[in-house]
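Start counting the sequence shown at 1; every next residue gets the next number (full-length UniProt numbering).
In what follows, a single structure is set out as structure tokens and then discussed.
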Amino acid sequence: MRCDWGTITINGNRGAEAPSRASGHTHRTGNHYVGGYANTGGNLVVDWYADNNGGDDGDTRDSYYGTKIC
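Structure below.
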């Protein structure tokens with residue numbers, strides 16, 4: 001997991017819900033986006049999620065990927 005991100009499109013595949021913009025990063029195998037973050041007195045705690053597009057049969061629920069302390 002990383003401590004940097006940009007603006008990406010999630011849910012862009014056919015069969016997913018409407019595309020939207022999110023803070024995250026892309027990979028050859030998919031996207032990860034920031035689901036939430038908090039500043040805990042000097043550390044940024046970032047919760048990452050995987051953008052699980054389901055393809056032609058509809059969207060698969062996005063899953064928690066992990067938490068990174070930056």
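All C-beta atoms, glycine included, are put in the ideal place defined by N, C-alpha and C.
Can you grab the Cα-Cα spacing for the pair residue i / residue j, in whole Å?
| i | j | result |
| --- | --- | --- |
| residue 61 | residue 16 | 10 Å |
| residue 3 | residue 12 | 24 Å |
| residue 1 | residue 48 | 8 Å |
| residue 22 | residue 64 | 15 Å |
| residue 29 | residue 8 | 14 Å |
| residue 39 | residue 67 | 13 Å |
| residue 14 | residue 45 | 32 Å |
| residue 24 | residue 5 | 5 Å |
Note down, in chain order, each residue of its chain lying with its Cβ closer than 7 Å to the Cβ of residue i, except the 5 sequence neighbours on either side.
| i | result |
| --- | --- |
| residue 43 | 69, 70 |
Measure the beta-carbon distance from residue i to residue j and round it to whole angstroms, keeping in mind my assumption that it falls under 8 Å.
| i | j | result |
| --- | --- | --- |
| residue 51 | residue 33 | 6 Å |
Can you name the residues that DSSP bridges to residue i?
| i | result |
| --- | --- |
| residue 67 | 47 |
| residue 9 | 21 |
Which residues in the same chain have their Cβ closer than 6 Å to the Cβ of residue i, if we skip the five residues on either side of it in sequence?
| i | result |
| --- | --- |
| residue 19 | 9, 11, 12 |
| residue 35 | 47, 49 |
**Item:** Every unbroken beta strand (DSSP E) inside the stretch 21-56 [3 residues or more]
**Value:** 30-39, 44-51
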